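Going by the numbering used here, the letters in the sequence shown line up with residues 8 to 395, in that order.
Cβ coordinates follow ideal geometry from the N, Cα and C atoms, glycine included.
Bear in mind the structure is a predicted one, so any value in this text is a computation, not a measurement.
Down below is the structure, laid out as structure tokens.
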Amino acid sequence: MTGSPLHLGVDIGTQGARALLVTSDGEIVSRSAHRLVVPPADGPQEQRPADWWEAFVQAVRAAGPARDRVVSIAISCTSGSVCVVDAAGDAIGPGLLYADRRAITSAGRDASWAVAKIAWILSERPDLVARAAGYTSPGGYIAARLLGRPAPIDVTQALKFGFDPGTDSWGAVPVSIELLPPVVATGTVLGPIGPAAMVDTGLPADVMVVAGSTDGVAAQFACRPAPERWATAIGSTIVWKAMSSSRIDAPESGVYSHRGPDGWWLPGAASNAGARVLSSWATQEELDMFGATAVLDPQVIAAYPSVVHGERFPFADADFDPTTVSSAHSSPAERYAAEVLGIAFVERWGCASLVANGCRWPSSIATTGGVVASPTLMKLRADVLQVP
Numbered sequence: 008m009t010g011s012p013l014h015l016g017v018d019i020g021t022q023g024a025r026a027l028l029v030t031s032d033g034e035i036v037s038r039s040a041h042r043l044v045v046p047p048a049d050g051p052q053e054q055r056p057a058d059w060w061e062a063f064v065q066a067v068r069a070a071g072p073a074r075d076r077v078v079s080i081a082i083s084c085t086s087g088s089v090c091v092v093d094a095a096g097d098a099i100g101p102g103l104l105y106a107d108r109r110a111i112t113s114a115g116r117d118a119s120w121a122v123a124k125i126a127w128i129l130s131e132r133p134d135l136v137a138r139a140a141g142y143t144s145p146g147g148y149i150a151a152r153l154l155g156r157p158a159p160i161d162v163t164q165a166l167k168f169g170f171d172p173g174t175d176s177w178g179a180v181p182v183s184i185e186l187l188p189p190v191v192a193t194g195t196v197l198g199p200i201g202p203a204a205m206v207d208t209g210l211p212a213d214v215m216v217v218a219g220s221t222d223g224v225a226a227q228f229a230c231r232p233a234p235e236r237w238a239t240a241i242g243s244t245i246v247w248k249a250m251s252s253s254r255i256d257a258p259e260s261g262v263y264s265h266r267g268p269d270g271w272w273l274p275g276a277a278s279n280a281g282a283r284v285l286s287s288w289a290t291q292e293e294l295d296m297f298g299a300t301a302v303l304d305p306q307v308i309a310a311y312p313s314v315v316h317g318e319r320f321p322f323a324d325a326d327f328d329p330t331t332v333s334s335a336h337s338s339p340a341e342r343y344a345a346e347v348l349g350i351a352f353v354e355r356w357g358c359a360s361l362v363a364n365g366c367r368w369p370s371s372i373a374t375t376g377g378v379v380a381s382p383t384l385m386k387l388r389a390d391v392l393q394v395p
């Protein structure tokens with residue numbers, strides 16, 4: 008290896024895999040991505056785990072020759088998504104994404120939680136249950152492919168599988184805990200990359216696989232969390248993350264806490280609303296054009312920025328239809344304006360809901376996700392939130 012060692016982080020999101028290659032000091036060396044096929048909003052929210060792996064491989068290979076200097080790799084992924092695996096850690100059947108609503112009445116949990124999806128699989132997919140050796144997250148599946156064996160998941164990915172980070176134990180889950188992955192701390196070294204993954208990715212033999220986190224927690228870590236500084240991640244959906252000295256859980260409001268470093272807790276929530284509403288009808292080039300010319304008048308009637316039925320935060324309503332609070336638009340530019348206003352208003356609404364449940368209003372908000380590339384949306388959000 009020539010040059011300083013590098014570290015690779017890869018996020019497995021709804022719309023694709025994104026890879027970031029950094030130095031030990033956090034300097035970005037390269038960015039790369041590979042898109043996934045996003046399921047239609049009005050149908051089952053499923054993707055093939057094999058496609059997650061292919062997107063991951065392509066994103067890693069797109070990092071170029073510098074990947075020869077990689078010494079560690081960690082995976083973040085959507086929170087609540089689940090796939091069924093066999094004894095070798097290979098996926099059986101489709102992966103169910105967090106947005107899949109078919110588990111609406113399962114396990115007494117919001118359908119976006121993996122534990123509810125597992126209950127739905129037990130009830131509705133006996134063909135998968137008969138072959139199942141376990142259930143894991145997208146990050147756990149990718150880690151298993153990298154290691155060449157079943158992999159643990161970190162404590163943040165385990166939360167929506169039914170793991171209690173306060174007691175470090177499983178809560179009420181619908182399957183034997185032997186069918187759930189071992190849970191480790193974020194940052195735990197899981198082992199070296201296996202030979203098959205070396206061939207697929209082009210990574211060197213001495214790369215160590217490290218336990219990652221959910222996408223929301225990864226985004227918060229990237230923003231250097233502090234009690235007065237919140238983080239939001241705005242991609243397909245909106246995720247809020249705060250920081251508190253005490254654990255804040257309000258299941259009826261969609262608020263939950265991850266365990267953070269040094270005794271801190273990371274209360275937060277996730278909405279079905281987000282920027283996926285924009286990409287559902289316009290190309291990135293069109294969105295860039297609308298953003299450059301949009302007239303954003305706060306008095307314009309905003310659209311609720313979601314493409315799926317049901318909402319979990321900042322309000323909980325399994326039957327909510329976002330089209331009922333959206334007016335007709337005279338042009339694509341007007342539709343764009345209404346939907347980006349909706350994104351900003353829902354973000355502020357979510358902040359207010361977290362404060363109502365015990366968080367302190369932030370003095371600043373750091374944001375990750377696709378919206379940061381839009382100066383128009385960033386300025387609009389600052390105006391609506393009234394914080395930098």
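C-beta contact flag for residue i and residue j at 8 Å
{"i": "residue 241", "j": "residue 357", "result": "no"}
{"i": "residue 196", "j": "residue 150", "result": "no"}
{"i": "residue 320", "j": "residue 277", "result": "yes"}
{"i": "residue 270", "j": "residue 312", "result": "no"}
{"i": "residue 85", "j": "residue 295", "result": "no"}
{"i": "residue 100", "j": "residue 135", "result": "yes"}
{"i": "residue 104", "j": "residue 181", "result": "no"}
{"i": "residue 76", "j": "residue 119", "result": "no"}
{"i": "residue 62", "j": "residue 24", "result": "yes"}
{"i": "residue 108", "j": "residue 261", "result": "no"}
{"i": "residue 385", "j": "residue 379", "result": "yes"}
{"i": "residue 199", "j": "residue 159", "result": "no"}
{"i": "residue 412", "j": "residue 204", "result": "For the chain, the structure presents residues 8 to 395; residue 412 sits outside this window and is missing."}
{"i": "residue 87", "j": "residue 53", "result": "no"}
{"i": "residue 363", "j": "residue 230", "result": "no"}
Euclidean distance between Cα positions of residue i and residue j
{"i": "residue 394", "j": "residue 383", "result": "16 Å"}
{"i": "residue 172", "j": "residue 265", "result": "7 Å"}
{"i": "residue 253", "j": "residue 234", "result": "11 Å"}
{"i": "residue 36", "j": "residue 29", "result": "5 Å"}
{"i": "residue 1", "j": "residue 72", "result": "The chain is shown only over 8 to 395; residue 1 falls outside these bounds and no answer can be derived."}
{"i": "residue 228", "j": "residue 193", "result": "11 Å"}
{"i": "residue 58", "j": "residue 49", "result": "21 Å"}
{"i": "residue 91", "j": "residue 165", "result": "15 Å"}
{"i": "residue 94", "j": "residue 143", "result": "12 Å"}
{"i": "residue 247", "j": "residue 238", "result": "6 Å"}
{"i": "residue 214", "j": "residue 279", "result": "36 Å"}
{"i": "residue 121", "j": "residue 168", "result": "5 Å"}
{"i": "residue 156", "j": "residue 328", "result": "42 Å"}
{"i": "residue 31", "j": "residue 314", "result": "39 Å"}
{"i": "residue 365", "j": "residue 259", "result": "14 Å"}
{"i": "residue 206", "j": "residue 70", "result": "15 Å"}
{"i": "residue 309", "j": "residue 332", "result": "8 Å"}
{"i": "residue 175", "j": "residue 123", "result": "20 Å"}
{"i": "residue 381", "j": "residue 185", "result": "45 Å"}
{"i": "residue 212", "j": "residue 74", "result": "11 Å"}
{"i": "residue 47", "j": "residue 163", "result": "28 Å"}
{"i": "residue 275", "j": "residue 255", "result": "9 Å"}
{"i": "residue 190", "j": "residue 263", "result": "18 Å"}
{"i": "residue 389", "j": "residue 41", "result": "30 Å"}
{"i": "residue 360", "j": "residue 202", "result": "48 Å"}
{"i": "residue 337", "j": "residue 106", "result": "30 Å"}
{"i": "residue 322", "j": "residue 177", "result": "27 Å"}
{"i": "residue 290", "j": "residue 179", "result": "43 Å"}
{"i": "residue 325", "j": "residue 284", "result": "18 Å"}
Cross-strand partners of residue i (DSSP beta bridge)
{"i": "residue 245", "result": "241"}
{"i": "residue 91", "result": "99 and 142"}
{"i": "residue 13", "result": "30 and 77"}
{"i": "residue 221", "result": "84"}
{"i": "residue 41", "result": "24"}
{"i": "residue 120", "result": "Residue 120 is not bridged to any residue."}
{"i": "residue 170", "result": "177"}
{"i": "residue 54", "result": "102"}
{"i": "residue 318", "result": "324"}
Cβ-based neighbour list, residue i, same chain, cut-off 6 Å, excluding 5 preceding and 5 following
{"i": "residue 208", "result": "64 and 67"}
{"i": "residue 147", "result": "158, 160 and 188"}
{"i": "residue 350", "result": "312"}
{"i": "residue 376", "result": "240, 241 and 242"}
{"i": "residue 170", "result": "177 and 190"}
Residues near residue i in its chain [Cβ-Cβ closer than 8 Å; skip 5 each side]
{"i": "residue 303", "result": "344, 347, 348, 383 and 387"}
{"i": "residue 225", "result": "16, 18, 83 and 219"}
{"i": "residue 369", "result": "235, 236, 237, 249, 358 and 394"}
{"i": "residue 300", "result": "340"}
Other residues of its chain near residue i: CB distance less than 7 Å, five sequence neighbours each side excluded
{"i": "residue 45", "result": "21 and 22"}
{"i": "residue 250", "result": "232, 233, 234, 267, 271 and 273"}
Beta carbon proximity, residue i to chain B, threshold 8 Å
{"i": "residue 192", "result": "Among the protein chains of the structure shown there is no chain B, as only one such chain exists."}
#### Entry: In chain order, each alpha helix (DSSP H) run of at least 4 residues that lies wholly inside the stretch 232–315
Those alpha helix (DSSP H) runs which fall completely within the stretch 232–315 and span 4+ residues are 283–286 and 291–300.
### Query
Mind pulling the beta strand (DSSP E) runs of 3 or more residues that sit fully within the stretch 343–390?
DSSP runs (the beta strand (DSSP E)) wholly in the stretch 343–390: 371–375.
### Query
Which full runs of the alpha helix (DSSP H) of 4+ residues lie inside the stretch 184–230, going along the chain?
DSSP runs (the alpha helix (DSSP H)) wholly in the stretch 184–230: 202–208 and 222–229.
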